[in-house]
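Peer 1: Structure provided below as structure tokens; questions to follow.
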Amino acid sequence: MEVNKIKKSNKLENIEDEREVKPKVLYINQHFIFNTLNSIVSLCRQNSEEARNVVLELSNYLRFNFNVTDKTILLQEEIEYIKSYLYIQKVRFGDRLNCEYYIEEDINFLIPKNSLYNLIDNSIKHGILKKIHGGTITFIITRKMDKIVIRIKDDGVGMEQSQIKQILDGENYGSTSNLNSLYKDLYNAKLEVISTLLIGTYITLYIPIEHIKFV
């Protein structure tokens, strides 16, 4: 058990070390920022209280992104960041985007920064918003016996089975494949991807509790 913790700690540190030699460049989605600012301007005329709320959520979003030194963060930090992002997107897209959360708040451990956010972002851009009427994204984090289960599901356009195979085989270099590699290496986690065209996608990460150091 202690050996696993040491290995896990070393792997998390290696994520930091490998990127330490690279220039720390701040990347923020400019289109997202500009669109959000335009939404705030419109809301100032129609609903000043909502405009204030969006400014606060945008502040949280930017604060998270401005911290370019941390490559591993606490799960709860990433959740708050995701909630800010989804709040803003909900304001922008209205009824085309619905968000649901089922999260056990006492679960907290180190994860690679943006690893879950990237999945959420992909589900919205490539799943839900590709449908005319949009849909719902559901974010679930819970304990089930000896595992932590992290699930992101949407009722978007879905994926071909060949795409799923590429993701699980590591042939697709997108966010889901990266997540599979990172969490398998760090926590011996298992990734499950279930998707049906025009129905939606379930991405589930099963993390053995014995490999996690809780905080």
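Take 1 as the starting number for the sequence shown in UniProt numbering and just add one per residue.
In this text, a Cβ means the ideal position worked out from N, Cα and C, and glycines have one as well.
Which residue comes first and which comes last in the alpha helix (DSSP H) that contains Glu80?
Peer 2: For this step, residue 80 is matched to residue 80 along the sequence shown. Run containing Glu80: Leu75 to Phe93, per the alpha helix (DSSP H) assignment.
Peer 1: Going by Cα to Cα distance, which pick from Gly127, Ile79, Arg96 and Asn29 is closest to Glu104?
Peer 2: Translated into the one-based positions of the sequence shown, residue 104 becomes position 104. Minimum Cα distance to Glu104 is reached at Ile79.
Peer 1: State the Cα-Cα distance for the pair Ile167 and Tyr183, rounded to the nearest angstrom.
Peer 2: Looking up residue 167 in the sequence shown gives position 167. Looking up residue 183 in the sequence shown gives position 183. Their Cα atoms are separated by approximately 14 Å.
Peer 1: Can you check DSSP and say which residues form a bridge with Phe34?
Peer 2: By 1-based counting over the sequence shown, the position of residue 34 is 34. DSSP lists no partner for Phe34.
Peer 1: Quick one: give me the first and last residue of the beta strand (DSSP E) that Ile148 is part of.
Peer 2: For the purposes of this step, residue 148 is taken as residue 148 along the sequence shown, with counting starting at 1. Its beta strand (DSSP E) spans residues Lys147 to Asp154.
Peer 1: When you compare the CB positions of Val54 and Val91, do they come within less than 8 Å of one another, or not?
Peer 2: To locate residue 54, count along the sequence shown from 1; it is residue 54. To locate residue 91, count along the sequence shown from 1; it is residue 91. In this structure, Val91 lies closer than 8 Å to Val54 by Cβ.
Peer 1: On the three-state DSSP scale, how would you describe Asn98?
Peer 2: In the sequence shown, counting from the first residue as 1, residue 98 sits at position 98. Strand, per DSSP.
Peer 1: For Ile211, count neighbouring Cβ atoms within 10 angstroms of its own Cβ and tell me buried if that reaches 16, exposed if not.
Peer 2: For the purposes of this step, residue 211 is taken as residue 211 along the sequence shown, with counting starting at 1. Reading off the sequence, residue 211 comes out as His, not Ile. It counts as buried.
Peer 1: Please state if the CB of Leu110 and the CB of Thr176 are separated by a distance shorter than 8 Å.
Peer 2: Counting from 1 along the sequence shown, the entry for residue 176 is found at position 176. Counting from 1 along the sequence shown, the entry for residue 110 is found at position 110. Cβ atoms of Thr176 and Leu110: not closer than 8 Å.
Peer 1: What first and last residue would you give for the beta strand (DSSP E) that runs through residue 305?
Peer 2: No information on residue 305 is available, as it lies outside the stretch 1 to 215 that the chain covers here.
Peer 1: Look up Val193 in the DSSP assignment and say whether it is helix, strand or coil.
Peer 2: Looking up residue 193 in the sequence shown gives position 193. Strand at Val193.
Peer 1: Can you tell which of Lys71, Glu50, Gln163 and Phe66 has its C-alpha closest to the C-alpha of Ser195?
Peer 2: Position 195 of the sequence shown, counted from the start, is the residue given in the question as residue 195. Selected option, being the one with the closest Cα: Gln163.
Peer 1: On the DSSP letters alone, give me the boundaries of the beta strand (DSSP E) that Leu129 sits inside.
Peer 2: Taking the first residue of the sequence shown as 1, we reach residue 129 at position 129. Taken as a continuous stretch (DSSP letters only), Leu129 belongs to no beta strand (DSSP E), as it is neither H nor E.
Peer 1: Less than 8 Å separating the beta-carbons of Thr138 and Lys153?
Peer 2: Along the sequence shown, one-based indexing puts residue 138 at 138. Along the sequence shown, one-based indexing puts residue 153 at 153. Contact flag set, yes.
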